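Taking it in order: structure first as structure tokens, then the write-up.
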Amino acid sequence: MIEQLFEHPSAEVLIEEIVTAHREESMLMARRMGAIGDLLSLRTDEAENTDPDPGWAIITGFARTSAEVGAAMNMAPMAASRLVAQAEALDTRLPSIAELLRDAEIDWATTQLIITRTELVDDHLISRIDVALAKRFVKWQSWSRRRVINTVDKLIREIDPDAAKERRASSERGRYVSVTPRPDGTAQLSGRLTATAAAAFDRRVSQMAAGVCAKDSRTVDQRRADAMLALSEGRELRCDCGQPECPARGTDDADSGPRAVINVIASEDTVTGSGDEPGYLEGFGVIDADQVRELAENAPVRWLEEPTVTEDQAMRYQPSAGVARWIRLRDLTCRFPGCDRPVARCDIDHTTPFNHADPAAGGLTVPWGLADYCRQHHRLKTFHSGAGGWNDEQLPDGTVVWTSPTGQTYRTTPDGPELFAGMRPACAAPTARKASRARDKAARIKLIRKQLSEQRPINTARRHRDRARRREIELRKWRNRSRKLLVLFKGGEPSTSPWCPWINEPLEPEELPPDWEPPPIEEACDSDEPPF
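FYI, the UniProt record's numbering numbers position 413 of the sequence shown as 413, with every residue one higher than the one before it.
In structure tokens:
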């Protein structure tokens with residue numbers, strides 16, 4: 001019975017809802033990209049007009065826009081820069097494609113494909129490709145991703161063949177290697193290499209994987225993965241057969257290559273085995289307690305506590321090694337909104353500038369006055385602060401409050417206390433207040449009476465003004481009618497009546513000006529004496 005009363009929507013209705021939401025998503029994305037493009041134009045003009053010769057201290061309009069977009073959308077710096085670059089392309093290079101997106105004729109995924117494939121097209125030829133693609137993509141809905149790519153690439157080769165040749169060189173310039181943490185405690189290694197480098201790398205890893213004996217228990221893929229660590233440590237891949245006579249078992253003495261240093265942060269209980277609180281692997285993220293103990297088994301361990309800063313140390317510009325380690329342990333990443341660059345790639349900066357002339361006047365080198373900023377956001381704060389720029393303030397608990405050029409505020413809290421509860425600053429327990437309905441009611445009544453007493457004279461003055469305006473308009477109309485009757489009966493002869501001398505005056509306007517005010521209200525006499 002209940003299922004009959006509350007029927008599920010039909011498949012047709014659900015499909016229509018999906019289509020509508022998909023179109024709205026395209027239109028909303030067009031609005032966002034349009035706003036970012038307009039902001040980029042505004043910030044670029046500001047950057048160019050601020051200082052005609054800024055030298056190396058320039059913070060470009062693109063950098064300013066990327067910072068504001070990243071903070072507003074809580075995006076990493078690279079993601080924010082990529083979004084700003086896409087908005088710039090739609091605004092200056094592909095306006096017809098932007099219009100299709102605004103009208104939901106194409107979706108954002110297709111728009112991104114077009115932006116990426118046309119980024120190397122010459123500025124003088126891009127308008128032809130923009131118009132041609134817009135004509136072809138009006139009815140694109142049934143096109144596959146491969147068909148979109150083929151259509152764009154074919155048009156580029158017809159109009160700007162040099163752009164197709166440049167793509168290969170650009171791809172080589174964009175080579176990279178990245179490590180992405182996975183939720184299962186492993187990481188994914190990806191990158192882009194030249195064909196020669198990739199072939200040499202593949203051959204070397206295969207040789208290392210094949211260098212163990214036949215009793216090694218690992219698969220080929222597992223040995224290739226383990227060879228990555230051996231390469232980073234400058235040694236051969238060790239066999240795990242466990243036989244002492246195996247020529248590939250390796251020894252620690254044979255490892256003469258340089259070793260990479262990685263930092264692992266964990267609580268004392270986790271390292272000693274009396275607790276299972278997760279740890280943190282720098283450059284990776286959270287790892288479980290077993291992984292922490294496995295890494296700590298053959299590694300040096302340093303116990304860290306919040307340092308005590310002497311007055312002399314607080315007056316120095318450079319923080320001590322203990323303070324620097326504590327700040328990096330507390331922050332873990334850059335403290336700019338949305339930035340996730342690890343502290344290994346950050347600078348320790350004074351949130352309140354250090355006063356070199358008089359260190360005691362401000363900017364002390366203490367934990368609650370220092371924070372980690374990556375080089376990009378460090379430069380942003382240094383060269384684009386003050387009025388109309390970015391300004392930061394640090395609270396005693398390590399919270400950094402950023403104020404953007406438009407007045408928006410963003411609060412960033414340190415990552416360390418979120419992962420390790422022992423780092424949180426101690427705070428006093430809240431004091432309980434006994435509830436009292438009578439006291440709360442009396443306070444509400446007092447507040448209401450106060451508001452009424454303040455509003456009463458305002459209302460009285462407004463009513464007096466409205467009544468006086470109506471009365472004045474009625475009197476003017478009556479006097480004007482009397483003047484017209486005088487002219488009707490006596491012509492132009494003036495009246496000699498002593499009772500209405502105003503009748504000989506010109507007609508008065510029957511509308512009052514907005515600033516017309518009546519005489520003030522006469523205060524009532526409070527004295528008991530008669531008014532005569």
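Glycine included, C-beta positions come from ideal geometry on N, C-alpha and C.
Quick caveat: nothing in here was measured; it's all calculated off a predicted structure.
Of the residues the options, the one placed nearest residue i, counting alpha carbons only
i	options	result
Pro353	Ala371, Phe336 and Gly362	Gly362
His124	Ile159, Ala104 and Leu90	Ile159
Ala134	Val205, Thr151 and Ala71	Thr151
Glu508	Leu475, Gln243 and Ala360	Leu475
Met228	Arg204, Thr92, Pro414 and Met73	Arg204
Asp288	Thr365, Ala299, Thr333 and Gly275	Gly275
Glu522	His464, Arg175 and Ala248	His464
Thr118	Trp478, Ser170 and Glu236	Ser170
Trp108	Arg173, Pro337, Met29 and Thr20	Met29
Leu380	Gln207, Pro337, Asp153 and Ser495	Pro337
Asn504	Ser495, Glu511, Leu193 and Gly37	Ser495
Arg411	Met423, Asp397 and Leu419	Asp397
Thr409	Glu510, Glu393 and Ala132	Glu393
Gln376	Ala357, Cys339, Asn391 and Asn355	Cys339
Cys346	His356, Leu329, Leu94 and Pro359	Leu329
Phe201	Leu120, Ala225 and Gln188	Ala225
His384	Phe62, Glu12, Glu25 and Pro9	Phe62
Arg481	Thr219, Glu493 and Pro506	Pro506
Gln86	Pro520, Thr111, Asp290 and Ala344	Thr111
Helix, strand or coil at residue i [DSSP, three-state]
i	result
Ala214	coil
Asn74	coil
Ala11	helix
Phe532	Legend: pLDDT at Phe532 = 44, less than 50; position of this residue unreliable, value from coordinates given subsequently. Correct three-state label for Phe532: coil.
Ile521	coil
Pro417	helix
Trp502	helix
Pro359	helix
Ala254	Unreliable placement is indicated for Ala254, whose pLDDT of 44 sits below 50; the coordinate value is still reported in the next sentence. Helix at Ala254.
Trp368	helix
Arg465	helix
Ala429	At Ala429 the pLDDT is 48, less than 50, meaning the model places this residue with poor confidence and gives no usable figure here.
Ala387	coil
Leu40	helix
Val301	coil
Arg235	coil
Ile58	coil
Gln243	coil
Beta bridge counterpart(s) of residue i as assigned by DSSP
i	result
Asp347	Tyr373
Gly191	Val177
Tyr410	Trp402
Gln394	Val400
Pro342	Thr333
Thr285	Looking at the sequence itself, residue 285 is Gly, so the reference to Thr does not match. Beta-bridge pairing links Gly285 to Leu281.
Val264	Leu281
Residue i: CB within 8 Å of a non-hydrogen atom of the ligand GDP
i	result
Ile348	This structure does not include the ligand GDP; it has no bound ligands of any sort.
Minimum length 3: unbroken beta strand (DSSP E) runs contained in the UniProt region "Disordered" (166-188)
176-181
Counting beta carbon pairs with one atom in the stretch 403-410 and one in the stretch 64-81, are three or more of them shorter than 8 Å?
yes
Mind pulling the beta strand (DSSP E) runs of 3 or more residues that sit fully within the stretch 87-168?
none
Hey, is the stretch 300-317 in contact with the stretch 35-50, meaning 3+ C-beta pairs nearer than 8 Å?
no
Using a Cβ distance threshold of 8 Å, determine whether the stretch 440-449 contacts the stretch 461-475, with at least three qualifying pairs required.
no
Is there contact here, the stretch 289-299 with the stretch 313-332, by at least three beta-carbon pairs under 8 Å?
no
Segment contact flag, the stretch 96-104 with the stretch 70-81, C-beta cutoff 8 Å, min 3 pairs
no
Cβ pair count under 8 Å reaching 3, the stretch 234-253 against the stretch 209-217
yes
Counting beta carbon pairs with one atom in the stretch 13-28 and one in the stretch 87-94, are three or more of them shorter than 8 Å?
no
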